[in-house]
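S.K.:
Chains as they are written, first to last, in the working numbering: chain E, 1 to 114; chain S, 115 to 228.
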C-alpha cells in the first residue's frame, strides 16, 4: 500500500526567505506526483504536476522536483510572502491498471511572518 | 462550468439522519473521485467513477456510504444513518481519462454530525 510522508508538519519562516518542503512515498511505481495548496476551510488548489518521466516543474516562484527511484519530491518556494501561508499537500497516483486515485500526505502547514 | 462545484458547502446533520452531497465536475471530464478529509489529515480516497461506471469503491468506509453518477456527469455521495465519525470535509475531484493529467478539486462539503 502506498504511503506518503511530508516533513516538516509545520514550518514558520520570516517573509522573503526561501524554503523547501519535503515529500516521500514508499512505492515508486507512480504516474504522477502533484503538489496542492489548501487554505483554511477551502478545497485544494493544484500547484504543480510532475509526470513520472519528468524531474522537475516550475511555476513562478515554485519549483518542484521528483526523484522517482528514491521516492522523494521537494517543493521549493522562493522569496516567500505572507500570502503563501497555507497547508501544502503532496499526492501521488497509483500505477495500478484502471485506478488513478491519489494518495496524500498529511501536509505541511506553512506560516510566513510579515 | 469553469471548475468543480460542490453543494452544499456546509451541512449539519443529526446522528441517524441521511445526507446527500452533490458534485458537478468540470464539463467533459470523464473521471470523478470522492475523498474524505478529517481534521488535520490529508484527503483519503473513497470512490472513483469513469463516466457512469463506478470502477473502484474500495475506500468507502461502510455500507452506509453510497455514490452514484447515473449520467456520467453530476455525482451524488449519500451517507445513510450518519454517525459522529462521519464528520469530515468531503472533496470531489475530476480529471480527464488519461493517467498523466491533473486532478481538479471542488471546495468541499463540510459535514458535521451532532
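Virtual Cβ for every residue (Gly too), placed ideally from N, Cα, C.
1) Excluding five sequence neighbours on each side, which residues of the same chain lie with their C-beta closer than 7 Å to the C-beta of residue 205/S?
2) Where residue 45/E and residue 36/E are concerned, what is the direct C-alpha to C-alpha distance, given to the nearest angstrom?
3) Using DSSP with H/G/I as helix, E/B as strand and the rest coil, what is residue 81/E?
4) Would you kindly report the start and end of the unbroken beta strand (DSSP E) that includes residue 51/E?
5) Take residue 203/S and list the residues in its own chain whose beta-carbon comes closer than 6 Å to its own, dropping the five residues that flank it on each side.
6) Taking DSSP's pairing of strands, which residues face residue 120/S in a bridge?
7) Do we get a CB-CB distance below 8 Å when we pair residue 111/E with the residues of chain S?
8) Using a Cβ cut-off of 7 Å, pull out every chain E residue sitting near residue 157/S, in sequence order please.
9) Assign residue 199/S to one of three DSSP states: helix, strand, or coil.
10) In chain order, what are the residue ranges of uninterrupted beta strand (DSSP E) at least 3 long that sit wholly in the segment 146 to 184 of chain S?
11) Do you know how far the Cα of residue 89/E is from the Cα of residue 155/S?
12) DSSP on residue 74/E, reduced to helix/strand/coil?
13) Just the Cα atoms here: how many angstroms apart are residue 164/S and residue 81/E?
14) Within 10 Å of its beta-carbon, does residue 153/S have 16 or more other beta-carbons around it, so buried, or fewer, so exposed?
15) Check whether the segment 120 to 131 of chain S and the segment 174 to 183 of chain S are in contact - that is, three or more C-beta pairs closer than 8 Å.
16) If you run the structure through DSSP and keep just helix, strand and coil, what is residue 56/E?
17) Check each residue of the segment 70 to 85 of chain E: if its Cβ is closer than 8 Å to any Cβ of chain S, include it; give the result in chain order.
18) Measuring only the C-alpha atoms, how far is residue 70/E from residue 197/S?
19) Report the residues of the segment 121 to 141 of chain S with a CB closer than 7 Å to any CB of chain E, ordered along the chain.
20) According to DSSP, is residue 65/E part of a helix, a strand, or is it coil?
21) Taking only the alpha-carbon atoms, compute the straight-line gap between residue 192/S and residue 159/S and give it to the nearest angstrom.
22) Taking a Cβ distance cut-off of 9 Å, strictly less, list which residues of the segment 40 to 66 of chain E are near chain S, in chain order.
23) How big is the Cα-Cα spacing for residue 169/S and residue 101/E?
24) Apart from the five residues on each side of it in sequence, which residues of its chain come closer than 7 Å, Cβ to Cβ, to residue 143/S?
M.R.: Based on what the coordinates show:
1) 149, 151, 157, 219, 220 and 222
2) 5 Å
3) coil
4) 44 to 51
5) 151, 222 and 224
6) 137/S
7) no
8) 104
9) helix
10) 158 to 164, 167 to 170 and 179 to 182
11) 10 Å
12) strand
13) 39 Å
14) exposed
15) no
16) strand
17) none
18) 41 Å
19) none
20) strand
21) 15 Å
22) 41, 42, 43, 44, 45, 46, 49, 51, 52 and 53
23) 11 Å
24) 208, 209 and 210
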